[in-house]
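Enquirer: The sequence shown begins at -16 in the working numbering and counts up by one. Just so you know, even glycine gets a beta-carbon here, dropped at the ideal spot from N, CA and C. Keep in mind that this is a model prediction, so the values were computed, not measured.
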Amino acid sequence: MILVVAEHTGGKLAKASLEMVSAARSSGREGPITLLVLGHGVAGVAAEAAAVADQVLVADLSELATYDAELWAAATAQIARAGEAHTVITPGSRSGREYAPRVAVKLDAPYLEDAISLSAHGDALRAQRYTYLSRVTETVEASGPVVVVSAKPGAFAPAAPLGAPGEQYDIDLDLPERRVTITGRSVEKSSRVALSEADIIVTGGRGVGNAENFARLIEPLADNLGAGVGATRAVVDAGWRPYAEQVGQTGKTVQPGAYIALGVSGAVQHLSGMGKSKYIVAINKDAEAPIFKVADYGIVGDVSEIVPALIEASRR
Ligand SMILES: Cc1cc2nc3c(=O)[nH]c(=O)nc-3n(C[C@H](O)[C@H](O)[C@H](O)COP(=O)(O)OP(=O)(O)OC[C@H]3O[C@@H](n4cnc5c(N)ncnc54)[C@H](O)[C@@H]3O)c2cc1C
């Protein structure tokens, strides 16, 4: 079986989980795709998981109420062993990359980190990953009875639901004592959807002009559309927006349903982070801008004239 460890927040299955199921489906490895849901009060997450997986294993335990690398690694390795998984896929999130190597050590398995594609070659599993500040794409291959993989966020399209939901099974685990506890947490207040979760992203480039225009043009349009806000590296380097919003080779890889690029030239380093978006819409005053080569819809014009009209239309 292919064991995929679900990621979830606030009682909802994260988009990363759907991306990992896609990674599993595209891997060409045989066997049922099993989503492992670890947590407490996760019935809703398990039901969402069942829509895309052949089966769902649910460990709904008070010990798993908050994430812990040692517990997640112990649980994943236990289930991988018991189910004789030949492939274990974890999210390439901060936590996923924290516990995945521990799972690999426990299973004495090779580990493929930050995969952007997967394919089966005989008994081996081949992955592609970026290296050298994403300037080089490397192909790596791992073999053995079981391989552990972390999937780069945004690199795989979210999986579509199956015709019939997978079976759900409650499982019990033999967990170690928790040794690390979270003693405080302050959460940044933002009503805006995170880039990794967004189905629509509105990105501003240097053509937006300055930080004030970004707040005047990009943010309200994103808010009206329920979209995430993205930025190019030029914008981040200028200090108009935080690094967390950078899309591209050295920023985030995203694959939303719609990517709206405003005043973005479409440099290759930017395209490598958003080129797989389902629909790309571009507004640029230069008809020759490379972004138009990948755009499904484009307007040649000045963002400061066109975007206010879009804000008004989207508000209505
Ligand atoms: C190793 C490396 C890694 C990199 N990683 C990234 C990355 O992760 N992400 C990234 O984005 N870049 C990255 N870059 C930088 C990249 O090469 C480009 O420099 C950058 O993407 C350009 O950003 P931009 O499109 O905002 O600016 P520009 O290239 O300056 O383009 C601005 C565009 O706005 C248009 N414009 C100007 N005024 C208006 C207006 N009023 N209305 C409409 N359009 C207007 C212009 O015609 C132009 O096309 C990387 C570069 C290197 C070398």
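#1: Taking contact to mean at least 3 C-beta pairs separated by less than 8 Å, is the stretch 99 to 119 in contact with the stretch 151 to 158?
#2: Tell me whether Val277, by its Cβ, gets closer than 7 Å to a heavy atom of ligand 1.
#3: Is the beta carbon of Glu(-10) closer than 8 Å to that of Ser45?
#4: Please classify Val131: does DSSP put it in a helix, a strand, or coil?
#5: Since Ile72 and Ile(-15) should fall inside the 8 Å C-beta cutoff, what is the C-beta to C-beta distance between them, to a whole number of angstroms?
#6: To the nearest angstrom, how far is the alpha carbon of Lys(-2) from that of Ala42?
#7: Can you pull the DSSP bridge partners for Tyr280?
#8: Going along the chain, which unbroken runs of the alpha helix (DSSP H) with 4 or more residues stay wholly within the stretch 75 to 120?
#9: Mind checking whether Pro128 and Glu2 have CB atoms under 8 Å apart?
#10: Buried or exposed for Arg12, please, with buried defined as at least 16 other CB atoms from any protein chain shown within 10 angstroms of its CB.
#11: Applying the criterion that 16 or more other CB atoms from any shown protein chain within 10 Å of the CB defines a buried residue, is Lys276 buried or exposed?
#12: Rounded to the nearest angstrom, how far is the Cβ of Val35 from that of Val20, given a contact under 8 Å?
#13: Going by DSSP, name the residue or residues bridged to Val(-15).
#14: Measuring straight from C-alpha to C-alpha, what distance separates Val132 and Ile263?
#15: For a test of your reading of the model: does the CB of Ile266 fall under 7 Å from any non-hydrogen atom of ligand 1? Yes or no.
#16: Which value, in whole angstroms, describes the spacing of the CA atoms of Lys312 and Glu96?
#17: In chain order, what residues place their C-beta within less than 5 Å of a heavy atom belonging to ligand 1?
#18: What is the residue span of the beta strand (DSSP E) that Leu245 lies within?
#19: Given Gln61, which residues of its chain have a CB within under 8 Å of its CB, disregarding the five upstream and five downstream residues?
#20: Between the Cα of Glu53 and the Cα atoms of Leu178, Glu228, Arg85 and Glu67, which residue gives the shortest distance?
#21: Mind checking Leu116: buried by the 16 CB within 10 Å criterion, or exposed?
Expert: Working from what's here:
#1: no
#2: Within the sequence shown, residue 277 is the residue found at index 294, counting from 1. Every heavy atom of ligand 1 is 7 Å or more from the Cβ of Val277, so no.
#3: Position 62 of the sequence shown, counting from 1, holds the residue named residue 45. Position 7 of the sequence shown, counting from 1, holds the residue named residue -10. Contact: no.
#4: For the purposes of this step, residue 131 is identified with residue 148 of the sequence shown, where counting begins at 1. Strand, per DSSP.
#5: Counting from 1 along the sequence shown, the entry for residue 72 is found at position 89. Counting from 1 along the sequence shown, the entry for residue -15 is found at position 2. Sure, about 7 Å apart at Cβ, within 8 Å.
#6: Indexing the sequence shown from 1 puts residue -2 at position 15. Indexing the sequence shown from 1 puts residue 42 at position 59. Lys(-2) and Ala42: Cα-Cα distance of roughly 20 Å.
#7: Counted from its first residue, the sequence shown places residue 280 at position 297. According to DSSP, Tyr280 bridges with Val264.
#8: If we require 4 residues or more, the alpha helix (DSSP H) runs fully inside the stretch 75 to 120 come out as 77 to 90.
#9: In the sequence shown, the residue the question calls residue 128 occupies position 145. In the sequence shown, the residue the question calls residue 2 occupies position 19. No, these two residues do not count as a Cβ contact at 8 Å.
#10: As a working mapping, residue 12 is identified with position 29 in the sequence shown. Buried is the call here.
#11: One-based indexing of the sequence shown puts residue 276 at position 293. Result: exposed.
#12: Looking up residue 35 in the sequence shown gives position 52. Looking up residue 20 in the sequence shown gives position 37. That belief does not hold up - the Cβ atoms of Val35 and Val20 are roughly 12 Å apart, past 8 Å.
#13: By one-based count along the sequence shown, residue -15 stands at place 2. It is worth fixing the name first, because residue -15 is Ile in this sequence and not Val. In the DSSP output, where bridge partners are listed per residue, Ile(-15) has Ile16 and Thr70.
#14: Looking up residue 132 in the sequence shown gives position 149. Looking up residue 263 in the sequence shown gives position 280. Going from the Cα of Val132 to the Cα of Ile263 covers about 30 Å.
#15: Residue mapping note: residue 266 aligns to position 283 of the sequence shown, counting from 1. Ile266 Cβ: within cutoff of ligand 1.
#16: In this structure the chain extends from -16 to 299, so residue 312 is not present and cannot be described.
#17: Gly188, Arg189, Gly190, Thr215, Arg216, Ala217, Gly231, Gln232, Thr233, Gly234, Gly246, Val247, Ser248, Ala250, Gln252, His253, Asn267, Lys268, Asp269, Ala272, Asp285 and Val286
#18: For this step, residue 245 is matched to residue 262 along the sequence shown. Per DSSP, the unbroken beta strand (DSSP E) holding Leu245 starts and ends at Ala241 to Leu245.
#19: Numbered from its first residue, the sequence shown carries residue 61 at position 78. Around Gln61: Leu156 and Asp157.
#20: Counting from one through the sequence shown, the residue named residue 53 turns up at place 70. Of the listed residues, the one whose Cα sits closest to Glu53 is Arg85.
#21: Within the sequence shown, numbered from 1, the residue matching residue 116 stands at position 133. When all chains shown are included, Leu116 counts as exposed.
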